[in-house]
Amino acid sequence: MQVVVLVYSNNRTVRADVRDALGVTLGGLELLIREAATQAEVLKQLDAGDIDCCIFDGEASPSGGMGLAKQIRDEYDPCPPILLLIARAADSWLATWSRAEAIHPYPIDPLTLPKQVEDLVFVDEDEAA
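Be aware that the sequence shown starts at 4, since it is given in the working numbering, and climbs by one per residue.
Right under this line is the structure:
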């Protein structure tokens, strides 16, 4: 088995930083990271239907990660959990509006990001009920 995480940012450095922070395994399973630099690529990846978690860059341009999170939350059922990368604590309210399950501030922390993603992917079945 493997875990598939979709990372969206128009900035290749952000995508690389997320990839480096997450490593190659998650919760003891192989981790496959797919990258998308455009909104169209995110939608194409989601249409494939095998994404376990999304990480969106709230600073992405021209399609911001927060608006994209709101869009896919409205359009995909089921929708994979979404973690938003935000640059300013003041953006937390907008992340809440987008209905993302989690936020992670810049700079990307390789100690906390994997744990956040793991918590999103491996939801306790008792909690989900």
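Note that CB positions come from ideal geometry on N, CA and C, so glycine has one too.
Remember, it's a predicted structure, so these values are computed and weren't measured experimentally.
If only complete runs of 3 or more residues are kept, the segment 9-94 shows the beta strand (DSSP E) at 32-39, 56-60, 85-89, in order along the chain. Residue 98 sits in a helix when the DSSP states are folded into three classes. The residue among 31, 51, 32 with its C-alpha nearest the C-alpha of residue 9 is 51.
In chain order, 69 place their CB closer than 7 Å to the CB of residue 97, counting only its own chain and leaving out the 5 sequence neighbours on each side. Residues of the same chain with a CB within less than 6 Å of the CB of residue 57, apart from the 5 flanking positions on each side, are 9, 83, 85 in chain order. Shown here, residue 117 sits in a helix according to DSSP, grouped into three states. As DSSP reads the structure, residue 108 sits in a beta bridge with 89. Between residue 80 and residue 7, the gap from beta carbon to beta carbon reaches 9 Å or more.
Out of 125, 126, 118, the CA that lies nearest to the CA of residue 21 is found in 118. Taking 9 Å as the cut-off, the Cβ atoms of residue 111 and residue 27 do not count as close.
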